[in-house]
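Numbering (the working numbering), first residue to last: 62 to 234.
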């Protein structure tokens, strides 16, 4: 999962991507722009390149949530690179729109990459991808970031096994 936000407000999601992995294979992807309930801040636009005009006809988050909420269940693992941010965006956005809290399993690939690759100069998404030779076409494009994050986890599972990864799984409530 990867969110981009319109401003510093956690509920200001302006794009979301999900990369679906089953049996160690990417099987589906989802991407949408979102029309946030707030103004855009120039610094966020500078980072991800999404402008207010780009989301003028995009759905609001409740419409998106109606479509994707089945993916956020107690037995589903949702991963993100810097998961506290993305989980926080989801939680704040659900609260902002008075939608029920999602309870799901989560894992942060920043934490796993710090554990498995302490020698990397840092553990930013683009750095980890460069070090592991994983394609990251457009950093801060939610779909590209989501796919890169999935590929980091698949790399770690292939090289270290799934057992060491299980201790990084927590419940997001």
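From the three backbone atoms N, C-alpha and C, an ideal C-beta is built for every residue, glycine too. As the structure is a prediction and not an experimental result, all values here were calculated from the model.
Give every residue of the same chain whose Cβ lies closer than 8 Å to the Cβ of residue 102, excluding the five residues on either side of it in the sequence, and list them in chain order. 67, 68 and 69
Excluding the 5 residues preceding and the 5 following residue 121 in the sequence, name in chain order all residues of the same chain whose CB lies nearer than 6 Å to its CB. 96
Is the beta carbon of residue 167 closer than 8 Å to that of residue 139? yes
Can you list, in chain order, the stretches of the alpha helix (DSSP H) that have 4 or more residues and sit fully within the region 166-229? 170-177, 186-193, 203-221 and 224-227
Excluding five sequence neighbours on each side, which residues of the same chain lie with their C-beta closer than 7 Å to the C-beta of residue 106? 112
Just to confirm my understanding: we take residue 71, look at its own chain, exclude 5 residues before and 5 after, and list those with CB closer than 6 Å. What are they? 149, 150 and 153
Local Cβ density within 10 Å of residue 81, reported as buried at 16 or more and exposed below that: exposed
So, under 8 Å CB-CB, residue 197 and residue 205 are touching, yes? Tell me the CB distance rounded to an integer number of Å. 6 Å
Among 146, 202 and 217, which one has its Cα closest to the Cα of residue 176? 217
Nearest-angstrom Cβ-Cβ length linking residue 77 and residue 125, presumed shorter than 8 Å: 7 Å
For residue 76, the three-state DSSP class (helix, strand or coil): strand
First and last residue of the beta strand (DSSP E) that includes residue 63? 63-66
Residues of its chain near residue 188, where Cβ-Cβ distance is below 8 Å and the 5 sequence neighbours each way are ignored: 181 and 182
Residue 211 and residue 88 look like a contact to me (Cβ under 8 Å); what is the Cβ gap, rounded to whole Å? About 10 Å; that fails the 8 Å criterion.
Local Cβ density within 10 Å of residue 147, reported as buried at 16 or more and exposed below that: buried
Within the continuous alpha helix (DSSP H) that includes residue 141, where are the two ends? Where residue 141 is concerned, there is no enclosing alpha helix (DSSP H), although the beta strand (DSSP E) it sits in stretches over 138-141.
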